[in-house]
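All remarks here apply to the structure that follows.
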Amino acid sequence: MADPVIAQRRPVLAGAHPSLYGGSAVAHVTPAKAATRLSLRAKPDAVAALSAALGVDLPTRPKRSASSKGRHALWLGPDEWLVIDEAETDLMAALAGVGVLHSATDISHRNTAVLVSGPGAAAAINSACPLDLTDGVFPVGAAARTVLGKIEMVLYRTAAEDYRVECWRSFAPYAFGILVEGAEDAAL
Amino acid sequence: MLLIRCPYCEEDRSELEFRSVGEAHIVRPDNIAEISDEAFAEYFFLRDNPKGLIYERWRHIHGCGRFFNAVRHTVSDKFVMTYKAGEPKPDLPAATPVAQPLAQEGAAK
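Residue numbers (my numbering), protein chains in the order written: chain A, 11 to 198; chain B, 650 to 758.
Spelled out as structure tokens, the structure:
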């Protein structure tokens, strides 16, 4: 009898050439570790209950985010959030018992992330993204859905020189390549 | 590159994040089954094409995803103002900033 074939889930950027890792001296570009993600939509009256269930206060102001123990909630729109859990806990299970009306979709494998860090990180991202990343406009903790070259991404500033670029899985090689090029340009 | 103010994000964002979705404040007739073909065509197909201020719907599709309304000048491409969907049509003087599109473009940068 033939052995059953079981599909192995592989990170999309696992095949990226190691020489590409690192970007440049001023901006390091690395694939992020696997995480669970949730696309969450709800009306304002459900925010409190959902925040309690997730253990992180869903932000209600534009471009804001909230974090707690490796779990991040990013404001995408007036009724829309992206929740990321770096510890890979099951976010759908966390919301299973919530009695308020909301829409939650597990997008852990739809999205993937690229981390850009270093003094030239903002310049590397701005090589393909028109968003203003100066400290006053896009401070640490700011998050926004915007464009990166020809694709859409969610940009999240995790620290003064650290950015997380969330994009769709099938666009990841493009996003990674354009960020590496941007990192090289930022070093010139 | 044009900067467009999204009333939901409360910020000027690049035009790359937006899509235009046609004229705003088109009201669907309540008695649509009873109106004449001409009246239906007027509602369904015919749009203003003014040289000057136009009220349009826009969508911040690569941002917050929301539809909103904008007042734009069709000659200079200048966005006079934007406001949330559902808000009443703002009363603007017909002759608000006209002419010198090039000078306005320079001033916007």
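All residues carry an ideal CB built from backbone N, CA and C; glycine is no exception.
Check, Outcome
"Can you tell which of A:Ala182, A:Lys73, A:Ser78 has its C-alpha closest to the C-alpha of A:Ala62?", "A:Ser78"
"Report buried or exposed for B:Asn718, applying the criterion of at least 16 other Cβ atoms within 10 angstroms of its Cβ.", "buried"
"Quick one: list the residues of chain A neighbouring B:Tyr732, beta-carbon separation under 9 Å, in chain order.", "Those do not exist, as B:Tyr732 stays about 15 Å from chain A at its closest Cβ, beyond 9 Å."
"Spatial neighbours of B:Asp661 within its chain, please: C-beta separation below 6 Å, excluding the five flanking residues on both sides.", "Leu652, Arg654"
"Closer than 8 Å is the cut-off here; do at least three beta carbon pairs connect the segment 730-737 of chain B with the segment 703-722 of chain B?", "yes"
"Please report the residue range of the beta strand (DSSP E) in which A:Pro41 lies.", "38-41"
"Can you give, in chain order, each stretch of the beta strand (DSSP E) that sits fully within the segment 84-152 of chain A and has at least 3 residues?", "90-95, 113-116, 121-127"
"Three Cβ pairs or more, each shorter than 8 Å: is that satisfied between the segment 674-685 of chain B and the segment 163-176 of chain A?", "no"
"Is the beta carbon of A:Val124 sitting closer than 9 Å to the one on A:Val164?", "no"
"Checking contacts by CB at 9 Å: is A:Leu111 closer than that to chain B?", "no"
"I need the boundaries of the alpha helix (DSSP H) containing B:Ala673, first residue and last residue.", "Per DSSP, B:Ala673 belongs to no alpha helix (DSSP H) and is neither H nor E."
"Output yes if chain A places a C-beta closer than 9 Å to the C-beta of B:Leu695; else output no.", "no"
"Near B:Ser669, what residues of its chain come up, given a Cβ to Cβ distance below 7 Å and the 5 sequence neighbours on each side ignored?", "Glu705, Trp707"
"Should A:Lys43 be labelled buried (16 or more other beta-carbon atoms within 10 Å of its own) or exposed?", "exposed"
"Nearest to A:Val147 by alpha carbon, out of A:Ala56, A:Pro72, A:Gly130?", "A:Pro72"
"Please check if any C-beta of chain A sits within less than 9 Å of the C-beta of B:Ile653.", "no"
"Does chain B have any CB closer than 9 Å to the CB of A:Arg155?", "yes"
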